[in-house]
Each structure stands twice: as C-alpha cells, then as structure tokens.
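Protein chains in written order, with my numbering: chain A, 1 to 380; chain B, 381 to 760.
Worksheet: one structure, shown below.
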C-alpha cells in the first residue's frame with residue numbers, strides 16, 4: 001500500500017478530526033509544545049541537561065522537537081528504537097538504557113556507533129563488558145555507562161564494589177570509554193504523595209552517592225549521572241546528584257502521572273494531557289450503555305481503565321469489553337447516538353503508543369499532521 | 381528502510397532461530413498446520429462450515445492456509461482488517477463481525493464490497509441499516525447479518541422483536557441482502573469446566589432459537605447462523621444451531637484456552653500451542669533471578685502472566701517488570717547466563733500478536749519464513 005493510499009484510508013474527510021476513522025491516536029500539538037518547553041525551561045533553570053526518553057513516543061518528529069528545545073540527545077530503551085531514530089536523522093546523543101548482550105545485537109550496536117555521534121549504552125555485567133570490548137576493538141570507541149540497580153533487581157549493579165569492578169573491567173578494554181553512571185528509580189516515580197516520594201528518593205540518593213564515591217576513589221568519578229523521571233523531576237534536581245534527566249512521560253502525561261502530586265505545593269501539574277484516543281459508538285441498544293470501538297487493541301491494559309476526556313456526560317465510565325470494544329456506562333440511563341465520537345485518556349501512555357502506527361496531530365478539531373510512530377514494535 | 385535491510389536486522393544468523401534478535405514472535409509451522417487441519421476435519425465431520433476469525437492472526441498467509449483446508453472465508457473484527465486481507469488476495473467470503481457505523485467507514489465498506497466476493501457485515505441497529513441501505517443504493521448489494529446479543533450488552537439486538545424489526549428494515553432496503561444471523565457467546569468460551577460450559581451454551585442456544593423462530597415466522601429464516609468459538613466448538617456442533625463456526629484461537633492456542641477442558645472426556649486438547657515469544661536474559665546480577673527483554677510491549681497484559689515453555693528450569697515463573705522487561709524467578713537460587721534464550725507462551729494470543737510486525741515461522745530450530753502480521757494495528 002502506498003503512503004497516499006494509506007493516508008486516504010486514515011483520513012476520509014481531509015483536514016478534520018471529525019472525519020477520522022476510529023480508534024485513532026491523537027496528539028494535541030499545542031499541549032505537546034507546552035510540555036516540551038516547560039521541561040526544557042525547568043532543566044535549564046536548574047542547570048541539568050535533558051536527554052528525554054524516546055521510549056514514550058518512539059517518534060523522530062517528537063525527538064526533533066525535544067532536541068530543538070535544548071535536549072542533548074534522547075534515550076532509547078532498546079537498540080531497535082535507536083536504529084530507527086538514527087535512520088530518521090536523530091543520530092547524535094543516543095543513549096540505550098537497557099543492556100545489549102547477545103552477539104547479533106552487539107554487532108548491530110557497533111554498526112550504529114559507526115554511523116552516529118555520541119552513542120552510549122549501559123552495562124551491568126563484566127561478561128558483557130568483555131563482549132562489547134572485544135567487538136569494539138580496533139573500531140570507533142564505544143561510550144558505556146554503568147547501570148546501578150536502585151533496588152528492584154531489574155538491571156544494574158547492586159553494590160559499590162560491583163560498580164568498581166565493572167569500572168575496572170571497562171578501563172581494561174581499549175575499545176570502550178567509561179562515561180558515567182545511570183540509576184533510574186522506576187518504582188519511586190508513581191508514589192502519589194510528594195513527601196513520601198521525596199523521602200524514597202532521598203533514601204535511594206544516599207545509596208547512589210556511596211556508589212559514586214567508591215567509583216571516584218577508584219579513579220572513576222562519573223562525568224554523567226543520568227536518571228530521574230517525570231514523577232520525581234522536581235526532587236531529582238533538589239538532590240544535586242544527576243547531571244542529566246531522562247524524563248519521558250512529561251511529553252504526553254498519562255493517568256498514572258496525573259494521579260501524582262508532581263509539584264509538592266498543591267499547584268497543578270506542570271504538564272498537561274497531550275495524548276488521547278478518539279473512539280466512536282458502534283452499538284447502542286441498551287439505555288445507560290454505549291459500546292465503543294476501542295478495547296485491548298486500542299489501550300495498554302497494565303494500568304487500569306482509560307479515562308473519558310470528552311464526548312460523554314459527567315459521571316460516565318469506561319470498561320474494557322474484549323479486544324475490540326469498550327463499554328461506556330452512562331449515568332441516568334443515558335444514551336449516545338451511533339457513530340458519536342468520544343475522547344479517552346490512556347492510563348499508561350508508553351505501551352498504548354506502541355499499539356499505533358500513526359499519530360494524528362491536531363490543533364483543536366483541525367488535523368495538522370500525521371507523524372509515524374517511527375519505532376513502533378522495535379522492542380529489540 | 382527496504383525489506384532487505386529490515387530482514388538483515390531481524391535475522392543476523394540466517395536461517396537459525398538461535399540467531400534471532402529478541403523479543404521475537406515465533407510460530408511453530410507444524411503445530412499450526414496440525415491445528416488448521418484438525419479444525420477443518422472437525423467441521424467437515426460435523427457438517428458445519430468454517431469461517432475462522434482472522435482477528436486472532438491478522439495474517440494473509442495463515443488465512444490462505446485456512447482457506448486451502450476448506451474454510452469458506454474468514455471473519456474480521458474490523459473493516460481495516462478485511463481491507464488489508466483483500467489487498468493480499470484474501471478477497472472472498474470476508475465477514476466483518478462488528479458493526480460499521482460512521483459515514484467514512486461505510487464509504488470504505490462499499491468500496492470493499494465492490495472489489496471482493498461475498499462480503500458480509502453485521503448490523504444491530506435500524507439507523508445503521510438505513511445508513512448502509514442509502515450508501516448501497518444503486519451499487520452492488522451488500523449482504524448483512526443480524527447480530528444477536530448473547531446477553532453481555534456489547535453488540536447485537538437483545539430480543540426477538542428487535543431482530544424482526546431489523547429484518548424488516550433490511551428488507552425495505554434495495555441495496556441490502558439479508559443473509560442470516562450471528563451470535564458470538566464470548567463470555568461462555570472460557571468457562572473451564574466442560575459440563576458448566578455446555579449448560580451455559582444450552583441456555584444461550586434456547587434464547588437464540590426463539591430469535592430464529594421469530595425471524596422465520598416473519599419470513600426471515602436465516603440461511604447463515606454464524607457463531608461458536610474455540611472454547612465451545614464441540615458444544616456448538618452438538619447444539620445443531622450454527623451453520624458455520626467463526627473459531628479463531630485454535631490456530632495458536634493460548635493460556636486461557638489451554639486452561640479449559642475442550643473435549644469433555646478428559647482427553648488432551650485437540651489443538652496445541654503454536655505461538656510463542658523467544659526472549660533473552662539481559663541482566664543476571666542476583667541469584668534466583670534473571671531479567672529478560674520482554675515486558676508490557678512484548679505480551680498483552682489482559683490475561684495474566686506469560687508461561688515459560690522452554691529455556692528455564694522447572695518451577696521458574698515469569699513476572700512483568702515494566703514496558704521492556706520481565707523477571708524470571710528461578711528455583712534454588714539458580715542462575716541463567718547473559719543472552720540465554722527463553723521461550724514463553726502468551727496468556728492471550730490475539731492482542732499479543734497485535735504487538736508484532738512479523739511472525740518468525742520455525743520448524744524446530746530452523747527458521748522457515750517471515751510472515752508479516754498483515755493487519756497489525758488495523759483496529760479501524
């Protein structure tokens with residue numbers, strides 16, 4: 001199918017959000033721009049660099065906007081994301097935040113390093129350092145970052161001695177350049193109360209400092225300390241620990257983060273909902289209920305139910321009804337007509353975005369652009 | 381990116397499953413063929429037609445194999461799926477099992493009807509019948525099927541009088557041809573005990589019969605009665621109600637269906653696991669744990685945790701660890717080496733398939749083909 005044919009199917013009434021087939025992934029262009037600018041200004045104000053996480057949006061178009069606002073690069077969760085962004089010209093300052101361990105993946109990493117500037121990846125295991133070092137020998141050196149486990153046992157070294165041993169292993173490899181440390185405190189991001197979140201981060205920061213001091217004592221004071229997230233960004237800069245933030249979700253803001261007090265002073269969240277899904281009523285045979293065309297294949301299901309943002313009366317709620325459908329439960333035995341459009345918010349943006357090939361970018365009800373979800377499905 | 385470049389990235393050691401980057405969606409070609417043949421033989425033995433549901437696989441390659449084994453067509457959940465299959469030459473006997481209601485979608489439906497043979501779609505609302513009739517006027521007539529609500533209030537008419545009124549509305553439209561009824565008993569599919577499932581289906585069948593008798597009395601005895609599913613297929617044929625089955629999951633078999641007693645006589649399930657995900661260990665710093673590269677973006681999360689099929693010791697279990705990772709919990713403080721390959725089963729196949737662009741089709745450890753997930757993301 002050509003792009004033109006595809007475009008014809010996606011948009012049947014050119015230029016209007018009303019004419020889009022549903023379910024469709026919508027980005028509010030102005031809200032997105034405000035979010036990007038707000039985080040860029042925040043980072044500048046606090047003297048930290050910004051390398052936003054592209055795993056949220058998987059989009060070269062959005063990455064370019066983040067870079068234009070001052071980001072030093074973007075983070076990628078997987079090598080495949082970084083490859084696709086590089087293909088689209090986002091080829092400087094890429095950082096792969098999850099270990100790259102298999103022989104075929106390491107070969108691809110070396111190829112990516114050759115064609116990009118400032119590529120970094122994390123390591124958490126001496127065997128992986130040896131494999132990367134062997135692959136990089138005689139080639140352009142690869143920058144590596146030591147991943148520190150914040151205590152959830154997902155990735156990272158778990159202690160200062162393990163970090164020092166890894167630093168020494170890196171130093172022994174001519175093809176590798178030690179660039180610093182990463183510690184992403186994922187579990188702390190979603191603590192809804194600000195004070196409790198701050199306490200949890202202060203506890204983690206104390207641990208990270210012991211690792212950094214041990215590295216410094218061994219000659220490996222990190223130039224880069226990368227971490228932080230949308231949920232903790234205000235606390236991250238207070239800690240004075242991170243040289244750069246790898247915040248991701250702030251571009252879109254999902255239900256999980258909107259539930260958190262992000263400011264600690266009762267003020268509104270500094271970011272706003274910029275991502276949503278438009279759906280339509282496809283069946284309406286029971287008073288008080290309306291079936292829409294968005295189910296498990298339209299929303300990630302790991303974080304509860306979608307919220308209703310527009311198009312249904314106050315008090316209406318959404319319930320998943322299988323792969324293809326959702327049910328709107330309407331107050332007062334209300335009804336909605338067939339084909340009526342409803343706008344929903346995603347409980348968790350990142351895996352919801354990963355279900356769609358295209359962002360439909362709107363200003364109000366006007367369709368402004370189609371942006372591909374460039375790295376959709378690139379989980380490897 | 382050209383297909384060749386993409387292929388080069390997907391498979392780094394040509395021809396071997398061992399060389400695949402992970403996470404990767406794997407189809408066991410022989411198990412798939414046995415499942416397709418077993419259901420085809422079952423339908424033939426019981427004198428029912430087979431129109432398997434393509435929402436499970438979204439693949440023209442698999443649809444063609446089902447047709448070659450005797451299927452009269454395939455079902456599609458959404459219009460977009462049917463369009464993509466038609467693009468790939470699967471253009472006869474398509475049935476869209478969810479209502480098509482918006483003006484732009486109805487225009488696409490008419491275009492699809494013009495270029496395919498025997499297209500059918502469901503209706504459950506007189507307003508939709510009027511809209512379809514107006515669109516079809518003067519064009520090739522469109523075959524429509526009355527959708528009957530099995531009691532879950534998702535789609536379908538809820539009573540015999542409503543079905544008769546819809547039949548009369550269809551008859552009043554020159555552009556529409558009444559073709560029969562659909563009743564998909566989704567909630568009954570996953571009742572694990574066979575006798576309880578049979579009782580539930582007998583109850584639903586009694587209701588469906590009253591609708592059919594009312595339609596017959598009004599001159600609308602249905603030629604097609606479509607429904608049934610993998611969970612109830614043995615019961616569906618006992619009921620003597622359905623002229624054709626729209627079974628879907630039997631091609632792959634997921635954890636939900638493997639948990640059901642499908643035969644009622646204690647015999648093994650007549651279908652076997654043909655779909656799986658290969659993943660790799662990317663971090664292994666804690667005895668008893670191994671982190672693999674497959675999380676929320678590698679598995680649908682609506683039906684529990686993935687099972688471990690191969691590559692880990694007996695007693696190991698999987699736990700989701702965010703978008704990109706999963707944790708294997710290993711017995712006896714065991715360990716697995718970095719890059720070690722583990723094979724997992726999906727708790728729910730349909731939305732898991734929808735996460736991937738490509739099936740990697742294997743026989744044993746030999747890679748035989750790459751099949752695109754042709755209709756991936758075509759939820760509209």
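Yeah, the Cβ is synthetic: ideal placement off N, Cα and C, and Gly gets one too.
Here the structure is a predicted model, which means the values were calculated and not measured.
>> Below 8 Å on C-beta distance, what does residue 702 of chain B contact in chain A?
In response: Residues of chain A passing the Cβ test: 154, 186.
> When we look at the beta-carbon of residue 484 of chain B and count the other beta-carbons within 10 Å, is it buried (16 or more) or exposed?
Replying inline: Label assigned to residue 484 of chain B: buried.
> Rounded to a whole number of angstroms, what is the C-alpha to C-alpha distance between residue 591 of chain B and residue 314 of chain A?
Replying inline: Each residue's alpha carbon lies about 36 Å from the other.
> I think residue 502 of chain B touches residue 562 of chain B, with their Cβ atoms under 8 Å apart; what is that distance to the nearest whole Å?
Replying inline: Approximately 5 Å separates the beta-carbon atoms of residue 502 of chain B and residue 562 of chain B; this is inside 8 Å, confirming the contact.
>> Let's see if you can read the secondary structure: which residues bound the beta strand (DSSP E) around residue 251 of chain A?
In response: Per DSSP, residue 251 of chain A is not a residue of any beta strand (DSSP E), being assigned neither H nor E.
>> Please classify residue 149 of chain A as buried or exposed, where buried requires at least 16 other C-beta atoms within 10 Å of its C-beta.
In response: Buried is the call here.
>> Check whether chain A comes within 7 Å of residue 663 of chain B, counting only Cβ atoms and requiring the distance to be less than that.
In response: Yes, residue 663 of chain B lies at the interface with chain A (some Cβ there is under 7 Å from its Cβ).
>> Let me check understanding here. Comparing Cα to Cα, which of A:72, A:246, A:83 lies closest to residue 376 of chain A?
In response: The shortest Cα separation from residue 376 of chain A among A:72, A:246, A:83 belongs to A:83.
> Given 8 Å as the limit, is there contact between the region 427 to 446 of chain B and the region 622 to 631 of chain B, that is, 3 or more CB pairs closer than that?
Replying inline: Because the criterion of three Cβ pairs below 8 Å is met, the region 427 to 446 of chain B and the region 622 to 631 of chain B touch.
>> Assuming residue 38 of chain A and residue 271 of chain A are in contact, meaning their beta carbons sit under 8 Å apart, how far apart are those beta carbons, in whole angstroms?
In response: Sure, about 6 Å apart at Cβ, within 8 Å.
> At a Cβ threshold of 7 Å, is residue 159 of chain A touching chain B?
Replying inline: For residue 159 of chain A, the closest Cβ of chain B is not nearer than 7 Å.
> Who are the near neighbours of residue 233 of chain A in its chain, counting only those whose CB is closer than 8 Å to its CB and skipping five residues on each side?
Replying inline: Cβ neighbours of residue 233 of chain A beyond the five flanking positions: 39, 42, 245, 247, 250, 262.
> Where residue 414 of chain B and residue 67 of chain A are concerned, what is the direct C-alpha to C-alpha distance, given to the nearest angstrom?
Replying inline: Between residue 414 of chain B and residue 67 of chain A, the C-alpha separation is close to 52 Å.
> Rounded to a whole number of angstroms, what is the C-alpha to C-alpha distance between residue 621 of chain B and residue 52 of chain A?
Replying inline: Roughly 57 Å between the two C-alpha positions.
> Where do the N-terminal and C-terminal ends of the beta strand (DSSP E) with residue 299 of chain A fall, by residue?
Replying inline: Here residue 299 of chain A belongs to no beta strand (DSSP E), and DSSP marks it neither H nor E.
> On the three-state DSSP scale, how would you describe residue 242 of chain A?
Replying inline: Reduced to three states, the DSSP call for residue 242 of chain A is coil.
> Taking the continuous beta strand (DSSP E) assigned at residue 523 of chain B, which residues delimit it?
Replying inline: Its beta strand (DSSP E) spans residues 522 to 527.
> By Cβ distance below 7 Å, which residues in the same chain neighbour residue 603 of chain B in space, the five residues on each side in sequence not counted?
Replying inline: The beta carbon of residue 603 of chain B lies closer than 7 Å to those of 559, 560 in the same chain, with the five residues before and after it left out.
> Where does the unbroken beta strand (DSSP E) through residue 269 of chain A begin, and where does it stop?
Replying inline: Here residue 269 of chain A belongs to no beta strand (DSSP E), and DSSP marks it neither H nor E.
> Would you say residue 260 of chain A and residue 213 of chain A are within 7 Å of each other, going by their C-beta atoms?
Replying inline: Going by C-beta atoms, residue 260 of chain A is not nearer than 7 Å to residue 213 of chain A.
>> Using a Cβ-Cβ distance cut-off of 7 Å, determine whether residue 230 of chain A contacts chain B.
In response: Look at residue 230 of chain A: its C-beta is not under 7 Å from any C-beta on chain B.
> Looking at the unbroken beta strand (DSSP E) that takes in residue 120 of chain A, where does it start and where does it end?
Replying inline: Start and end: 120 to 123.
>> Are the CB atoms of residue 101 of chain A and residue 617 of chain B within a distance shorter than 7 Å?
In response: If you check the CB distance, residue 617 of chain B and residue 101 of chain A do not come in under 7 Å.
>> Which complete beta strand (DSSP E) runs does the region 4 to 58 of chain A hold, if anything under 3 residues is left out?
In response: Complete beta strand (DSSP E) runs here, min 3: 24 to 28.
> Does DSSP put residue 1 of chain A in a helix, in a strand, or in coil?
Replying inline: With a pLDDT of 37 at residue 1 of chain A, under the threshold of 50, the predicted position of this residue should be treated as unreliable, though the coordinate-derived value follows. In the three-state reduction of the DSSP assignment, residue 1 of chain A falls in the coil class.
> Does DSSP classify residue 109 of chain A as helix, strand or coil?
Replying inline: If DSSP states are grouped into helix, strand and coil, residue 109 of chain A belongs with the helices.
> Alpha carbon to alpha carbon, what distance is there between residue 65 of chain A and residue 119 of chain A?
Replying inline: So the alpha carbons of these two residues sit roughly 19 Å apart.
> To the nearest whole angstrom, what separates the beta carbons of residue 275 of chain A and residue 349 of chain A, a pair I think is in contact under 8 Å?
Replying inline: The pair is a contact, with the Cβ atoms about 5 Å apart (cut-off 8 Å).
> Below 7 Å between beta carbons: does that hold for residue 555 of chain B and residue 516 of chain B?
Replying inline: Yes, the Cβ-Cβ distance between residue 555 of chain B and residue 516 of chain B is below 7 Å.
>> Strictly below 8 Å CB to CB, what residues from chain A border residue 404 of chain B?
In response: Within chain A, the C-beta atoms nearer than 8 Å to that of residue 404 of chain B come from 380, in chain order.
> Looking only at its own chain, which residues have a Cβ that is under 8 Å from the Cβ of residue 383 of chain B, when we skip the five neighbours before and after it?
Replying inline: A caution first: residue 383 of chain B carries a pLDDT of 42, below 50, which makes its placement in the model too unreliable to give a value.
>> So for residue 440 of chain B, helix, strand or coil by DSSP?
In response: Here residue 440 of chain B sits in helix by DSSP.
> Just curious, the beta strand (DSSP E) that residue 309 of chain A is in, first and last residue?
Replying inline: Its beta strand (DSSP E) spans residues 307 to 310.
> Among the residues of its own chain, which have a CB less than 6 Å from the CB of residue 606 of chain B, if the five just before and after it don't count?
Replying inline: Excluding sequence neighbours, residue 606 of chain B sits near 562, 624, 626.
> Can we say the region 400 to 411 of chain B touches the region 668 to 675 of chain B, given the rule of at least three CB pairs closer than 8 Å?
Replying inline: In the pairwise beta carbon analysis, the region 400 to 411 of chain B is classified as touching the region 668 to 675 of chain B: at least three pairs are separated by under 8 Å.
>> I need the straight-line Cα distance from residue 752 of chain B to residue 109 of chain A, nearest angstrom please.
In response: One alpha carbon belongs to residue 752 of chain B, the other to residue 109 of chain A, and they sit about 25 Å apart.
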